[in-house]
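Protein chains in written order, with my numbering: chain A, 542 to 714; chain B, 8 to 461; chain C, 9 to 407; chain D, 16 to 1034. From the three backbone atoms N, C-alpha and C, an ideal C-beta is built for every residue, glycine too. Structure record follows, encoded as structure tokens.
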Amino acid sequence: MTDKKYIVGIFNDEDVVMDAVQKIRSKGIKIHEVFCPYPVHGLDHALGYERPRMGVPAFLFGITGTCLAFLLTFWTLGIDWPMNIGGKNFFPFPTNIPIVFELTVLLAAFGMSFTFFFMEGLGPSVKPIIFDIRSTDDKFAMAIDLNKNTVSDSEIKAFLSEVGAKEVNVKEV
Amino acid sequence: MSVVSPIREHLVTGGKTYHDVTEDICRHVESKPTKEWKIAFAISVLVLLYGGGWVLWTWWEGLGVWGLNKTVGWAWDITNFVWWVGIGHAGTLISAILLLFRQKWRTSINRAAEAMTIFAVLCAASFILMHMGRPWLAYWALPLPNTFGSLWVNFNSPLVWDVFAISTYFSVSCLFWFIGLIPDLATIRDRATGIRKTIYGALSLGWTGGAKTWARYEDVSLILAGLSTPLVLSVHTIVSFDFATSVIPGWHTTIFPPYFVAGAIFSGFAMVQNLMLVTRVVYKLEDYITLEHISLMNKIITLTGSIVGVAYITEFFIAAYSGVEYEKYAFINRATGPLWWSYFGMMFCNVMSPQVFWFKKLRENIVVSFVIAVVVNIGMWFERFVIIVTSLHRDYLPSSWTYFTPRMGDIGDYLFSFGFFFTCFFLFSKFLPVINMAEVKAVLKSSSEKKSNH
Amino acid sequence: MINNISKKLLTLVALVFVLTLNTFAQDGDAAAGETLFKNNCAQCHATDASVVVGPGLAGIEDRRDAAWLKKWINNPAAVISSGDKYAVELYEKFNKTQMTAFPAYGDAEIKNILAYVKTANAAPAAAAPGAAVAAPAQETSGGKFFNIVLVALLVIMALVLVALLAVLRLLSTVAKGESLEDVPSAMDSLKSTLKSLSANKTIVTAVIWMFVLLGTKATLDGLYKIGVHQGYAPTQPINFSHKLHAGDMEINCAYCHTGVYKGKQSGIPSSSICMNCHNTIKRESPEIQKIYTAIEKNQPIEWVRVHNLPDLAYFNHSQHTNVAGLDCENCHGDIKNMEVVQQRHTLTMGWCIDCHRKTDVNSKGNAYYDALLTAHNSTSKEAMKVEDIGGLECAKCHY
Amino acid sequence: MENTNKRYWKGIEELKNDISVVKNADKEFNLEGLEGGTYRRDFLKMLGFGVAAVSLAACNAPVRHTIPYLNKPEDIEPGIPNYYASTFAQAGSYCSILVKTREGRPVKIEGNKMSGVTKGGVNAQVHASLLSLYDNERLKEPTKGGKKITWAELDKEVSAALASSSNIRVVSNTILSPSTKSVLADFASKYPSAKHVTYDSNSASALIEANGTSFGKAAIPSYLFNKANVIVGINCDFLGTWLSPIEHAAQWAETRRLSSAKGGKKTMSRHYQFETGMSMTGANADYRGMFKPSQEGVFVANLYNRISGIMGVGSQLSVAKGDFENIDKCAKDLVAAKGASLVVSGSNDVSVQTIVNGINSLLGNLGNTIDFGTTVNYKQGSDAAMNQFVAELKSGAVDAVIFLDSNPVYDHLLGADIAEGLKKAKLSVAIADRANETASLCTYLALNTHYLESWGDASPKAGYYSLTQPVISNIFNSRQGESSLLAWAGKSSDYQAYVKNVWSSGILNGKTWIQALHDGVYESPNTTVAGASFSGNLADAAAKVSSVKSSGIELYVFENVTIGTGIQANNPWLQETPDPVSKVTWENTAAFSQKTAADLGLEVGDWVNLTIGVNTVELPILIQPGQANDTVTVAMGYGRTAAGKAGNVGVAMLPLLKGAATASNLWVGGAKIEKTKSGYTLAQTQTHETYMGREAVVQESVLSEYVKNSKAGRFEPMIATSDGLKKPYSITLWNGHEKKNHSWGMVIDLNTCTGCAACVVSCQAENNVSVVGKAEVARAREMHWIRIDRYYSSDAPEEEGYSVSGYKAMETASANPEVVFQPLMCQHCSNAPCETVCPVLATTHSSEGLNQMTYNRCVGTRYCANNCPYKVRRFNWFKYFENDNFDFHFNNELGRMVINPDVTVRSRGVIEKCSMCVQRIQAGKLTAKKEKRRPVDGEIETACSQSCPTNAITFGDMLDPESRVSKLLVQEEEGRRFQLLEEINVIPQVNYLVKIRNKDGVKKAEAVAHTDHAEHAGH
């Protein structure tokens, strides 16, 4: 829609990218994102991203699951319709542990995953902006948003080649 | 960052580049199916249809087409169920536990193993349905509000725990598998055109592989692995509760949870071994699934096989030590009663046969590995049969003691699950990448021969 | 609130009623008489002076003495043939229809009936206000009304929202300094508002979610109705009106449904029961002719069952009518006002269970429950409900 | 208040009314539901609201019609049962019964407690006779040469033919009915050449004859088992089939009942049984011996000699001294119990019976335990008369023959001769309910009614009378035999009036007919016990028994408890009821002892050719512990060819005996055995024979121990805990649930249970239990809710204990084992393992102690059945009704009339089990509530407890201190009371009482169990 202009540097190797990121950032150039075919450890740190804390939603959803499961078992057999089943108490606590455990895991796993999808804007109908199609194969693509940088585009291009980019392209979206 | 022990063989051989990996693996998804695939698929579908006929007949006529009787209320049905659930353990276990332990060699096999898990769990679930007298009412096992005054379910029943455990395990496994697939699906999407691009595009959820996404993705994977690990252990624990919480001598045993889990890992790895060896040959993935992988798998098989062996012996000891007459008889009857052959089959296949892997030569022999893996799976089937049938057929009151003889219905329904499993597996291997490309690429640099090439 | 007040009023009225009853029922048990009367006499006699089939019974004691009445009730044919003047006149007056004999009735029964006739003639004056007060409380169609109000409110709120948005937009354009001339017409502004609304992702999502939720609810409601035949009112082979018989004529249900206090089934009356009255009344009616045809052809009438319970549920009428003392209306609805019988309740298991949870056990004066009641009262302050004595257990109905 | 108690006939007016109702009976078949009655046979329609229902929901529910009576009879209220007193009298078997009817159809037979003979007991055959009423294979019309004929024509033709006959015979089994005899007399007065020939398939002719020669009284006396301290049965199944088993069982049980209360009865009779095969009576004996049938006479003579030897009275008979197990002990005990002992023999050999008479006379039993004051009529057949008839028939001397409800072609030894001779008779008429083996050879078949459709009476014993009244109008175009005979005799065929007349004139001594009809019985017994003096020729008898020669394997044919002589063979209930001893259903077997089988090279699952002379039959074998060596025992009553689909099973044995000198005594020597095939699975309901030394299962002791310690034989497990040994019931995780209202429970006395299976059939009838057929029983899928476990003792050597070889040894029963019968139904555990595991709450516990099974909630996982330690839960593997694969009574409209409308017919795929007759409990409670009172003990009875001839099963409310069950529990609390598998702490509502045998010492096997179990720990 709005004509945004990105400079995309293509790298071949994860170590080179890592170096380049550090150098570019030290220059004060803001990197939009680096796209990799596989997870490169430390890259997020190099890019200055916060530590991903997916454990938080997992815990929250998990706790919800625990409570739900406990309420479900307690309410149905303990309150709504208590029955004498094999001479046990109306609400025999130990026998409900498996249910509580399973529902905890279920909600934690799904809650966290869907939170992840939501945070990353992933979904079946999402049309992604692909800066370089090879970034899912064997290349590392570093995208720099020109609008967000004061440095001129030619300068960035040159600097990119300098830090090891095999190709430097311009992508308008 | 990652430390690889120097003596370890390379995880990927053949000097692959990142692009080679993509090519090797996507090729099978993108090209027309091979003749071998077609033949194998056709056979699976035939078996599925034949077995499906028996399943329909079972539903139409009633469970009398099986060989069960008043005393032996479960036999092949639950044996198959537990067997499939056990097999279904390997996938998530490989992915989750090995991920937690940072065992990088898992990368080549976890995708296929997870897929297998899902199909095996589906097969197991089909037996939950099939073994019911009135399967069309299976949804009554779920706590849904209803017009019966809202009559709930019995949360005391291990079968309800099963329902929760299996469905949770299935959904979480699917999720785990799917999340692992997303980057690879994006790879395929970026190579594809037309309708395939749309489909793989939708499936990949618009994945781009940004560093931030990767970071969160890794975190999600790790936590999922963390959640799946107790889950995977809980599933077979709960399945074992079906027996352990009962009063039947031979079932009523506290040793069951660990024993079942070990058995599940055992049979699961054996099944993964089987499928991996087949895939390796058919898809020519020798560079990804190396002898090192096979050897490692065999070691685990030997270990878990020995664990179940110890469990078998422990059971006898406990039975003798307990002084409970019924318990003692149940175990003597297992080994010497009318169903002694199943006990012998179990002992031979599960405890004896994996011991050949103490020899390196045999451990790294593909044919031997394959044969032993098959034998182990047969043995694990017998183990469940022994536990279920020999315990039931002679329990407390001798007046009710009977014998169990399978009928065609039992066999047909078992065949159905095989047909279903292999049909699903072949479809998977055709339409989805059988090896996790992103993960393999991630370990390529640090552990392949090419690491010093740039 | 209303309910409470009406309840209190009702108790008051009932008290007055009982008191008056007691004053009148000196020489006979009117309550016992009422049962006897409703089950056996009411089909032909009214308690007042009006004629049903036979003469009204108001003031009967003044007309005839007890000895004569006993003779007559026990064997009317004998009295007529004995040439008793009053009897013969009566016989002639009522088209030579002879009253059914009740040979088993002794003095006690007859006294009871007479006591009842007396009280019944005295009672209406006292009972009337009670009924008038009680009526409105029962007739609350509140549920429906609230729904309408709710929908109306929602519509109004939506309109207000749209108007507000339009105003906002107008204001914002003004704020931007554009001349008022450029302001689009109201219609256009509405259009653009709608457009912007449809473009707003949150609103679209909300709308979709709303539809999904409503759809789910509709589906679930639909699923709940499977096998439920509430409102089922089939056409019967004979156009029988319960309103006329049970309502207007006040015939006791048990007169026709003979089993209702005795056994599992209430029973559909055999043609012979119809003939007790229709021997003389409305013989010419085409509907009643159907009964005659059935008898002539020796072919029973095939009624359509309205209230169907599945075979797997065991329901016993006498447990509910006789032991629990429930009125027929509890389950069958306001049968006295139904021309065609309709299934008023869902008759689902949930409905049964609900009632068993709420209903107090009719333990008064029933020695069966004595020990249970004592045990219950020692641990609970609540009244003993059916569920407290195992009324929710499976094998109470399913075996 | 409406009286909802049991109703009996009140008057003749009501009776008439009733007949008009039941006239509609055949109409009922077409109607969906009379009076909207929920006939619960259509349960499958209501499979529940499943996925299928979702798709069906779119359509409208089917319209259900409700059809009222056109003219409702006064005393029939739909949904409320009526009870009528009647009598079962079939070929000399007798039982006074009450028939429960619903909406005009009989649905259950119960015992009539007013009868002084059967005292409310009913046996399996009587229970099952209800189903015979609804036998779809009964003929629908009278026939001539197999073609339909009207009654008018038949009467005309038969009367004409009779008039022109000069030698008429009426052949029947024993007739107990005075009225029928009167009819026969009337018939004979019209046709003076007519003679009545009576025979019995299992004849007691020799007994009558011997009594004639021994005592001058050619009749059968009453045997007073209850007065005997020592009972000796010699090939005499007096608890199962002999003369009057219901009566004998009750008397026998009286002597076996014990009380652990202080000062309670601690004596019991000692029962010896000497026999060839293992009979039900033998299985209940304290001491048992075996002999080959050829040695029967020698055995009796030896017993005589020993008794006379000990007593020093009488002369020794000249017979070779034989050595029989337990014979000396028996003689000693008999002598010690002089005057209070009883020796009975089922032999049909005059010499044997004469010697038995001699023994009883020697012991002074006549007038004490043998009562000639009240003679019995159960067997009146005369072998001589029958043989003469057959000879005459064969020679063509008989012009006309009428078979009155008898089938000699099948069930008489000379059946083949009769079949041949029938061709020579000018007129042959069968009064039968189907074209059976005899009737199909007769020209005319005058279709007989079932006894539940008939009038009649019976006099089982002198001074005891009872009435039979119809409880349903004739379902088919049939006419009862007596009416036919009367019609042919030119009299009014109104048999009801006839019976009334006979009773009014000759029987009812002042009592009203109505009262008799209401009670069902009229009794004016002779209360003085009369003896007789013995004057038999013992020397001659001894000579005769010594001369019996035999060789090789001897075949012995016996009458079993379920099928009997085969009259009711086409009765699926009876066919599926397991034989009390062998537990075989649906066929007869060749029983061999283990040793003989081994000698012949036979194994379980084999079939053999059994050859006598030129006749050969092929039979599956049964290895029967307690069988005499070198003998083979086979049941009669099977191998019918014209009984119907269910009845034509097994092999007919009587033809094999034909021609043998000993045939009348049902045995023959020189049998050749040849194995034909193997690998066959017998349709047995129990395949494991021993109880593997499991003390928690079978608890028994001997009287001498019991007298010392009333807890003798009790196995009291203790659980080792950190606080020391504890009783299992004292250890629990849970608080438990209090029973406030009722606590339904049972006490089952193993001492008086004879294993007769009356409860099994009663339960089947009450609870609509499906019949599954031979193939399914062989697959161990029978559906019975109550079973009677039968265990044999084993000779496992003590020193092997619980080792592998010890267990193997325990699996083999002794050659002459002790037997235990243990009725087992759902134990209604308070801590029920089945309830915990059901995922859908289909089985839960009631506040009255019942384990409730809700069929319509069940999804059929069978987990409960697996987890039931007693294995009492039954799964519906198939749909057992309206299914051509299970072509029994549930597969036809008529057969389904037997369904109890208060009990659901279970669909396929659900579990079912004993409900403790919850429908009866609910009905009983409702009656009490309506009458504003608590239920009275005895008012509510389960089907099994109600039918038990020996009252071994007591049912009641354990919270009611006045109930019999509570009193029994109090009495036996510190005595014989035990619960099965106490150590698993399921706390059943069903209690058992330890079996006490009147034996001198403890058996070895038990001793093993005791020592090894001293330190028993639970899990």
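| Query | Result |
| --- | --- |
| Rounded C-alpha distance that separates residue 392 of chain C from residue 147 of chain B | 31 Å |
| Residue 336 of chain C versus C/256, C/260, C/83, C/246, residue with shortest Cα-Cα distance | C/260 |
| Residue 164 of chain B: contacting residues in chain C (beta-carbon distance under 9 Å) | In chain order: nothing, as chain C lies at least about 16 Å away. |
| Bridge-paired residues (DSSP) for residue 236 of chain D | D/390 |
| Chain B contact for residue 924 of chain D (CB, 8 Å cutoff) | yes |
| CB contact below 8 Å: residue 171 of chain B versus chain A | yes |
| Top-ranked residue by Cα proximity to residue 684 of chain D, from D/694, D/672, D/78, D/695 | D/672 |
| Residue 774 of chain D (DSSP reduced to helix, strand or coil) | helix |
| Contact list for the stretch 837 to 849 of chain D against chain A, Cβ threshold 9 Å | 844, 845, 846, 847, 848, 849 |
| Pair within 8 Å by beta-carbon distance, residue 385 of chain D and residue 238 of chain D | yes |
| For residue 957 of chain D, the three-state DSSP class (helix, strand or coil) | coil |
| Residue interval of the beta strand (DSSP E) (run including residue 574 of chain A) | 574 to 576 |
| Three-state class that DSSP yields for residue 83 of chain D in the structure shown | coil |
| Nearest-angstrom Cβ-Cβ length linking residue 1038 of chain D and residue 464 of chain D, presumed shorter than 8 Å | Nothing can be reported for residue 1038 of chain D, as the shown portion of chain D is limited to 16 through 1034. |
| Min CB distance residue 594 of chain D to chain B below 8 Å | no |
| Amino acids of chain D, ordered along the chain, whose beta-carbon sits closer than 8 Å to that of residue 715 of chain A | An answer regarding residue 715 of chain A cannot be provided, because it is not within the stretch 542 to 714 covered by chain A. |
| Contact under 8 Å by Cβ, residue 873 of chain D with residue 857 of chain D | yes |
| Reference residue 118 of chain C, options C/42, C/96, C/155, closest by Cα | C/42 |
| Cβ-Cβ distance between residue 182 of chain D and residue 414 of chain D below 8 Å | yes |
| Any 3 or more C-beta pairs closer than 8 Å across the stretch 434 to 454 of chain D and the stretch 508 to 519 of chain D | no |
| Closer than 9 Å at the beta carbon, the chain C residues around residue 156 of chain B | 356, 357, 358, 359, 360, 361, 362, 364, 365, 400 |
| Nonlocal neighbours in the same chain, by C-beta distance under 7 Å from residue 262 of chain D, ignoring five residues either side | 132, 133 |
| Min CB distance residue 597 of chain A to chain B below 8 Å | no |
| Backbone secondary structure at residue 316 of chain C - three-state DSSP | coil |
| Spatial distance of residue 804 of chain D from residue 160 of chain D (CA atoms) | 48 Å |
| Beta-carbon spacing of residue 382 of chain D, residue 247 of chain D below 8 Å | no |
| Span separating the alpha-carbon of residue 425 of chain B from that of residue 671 of chain A | 42 Å |
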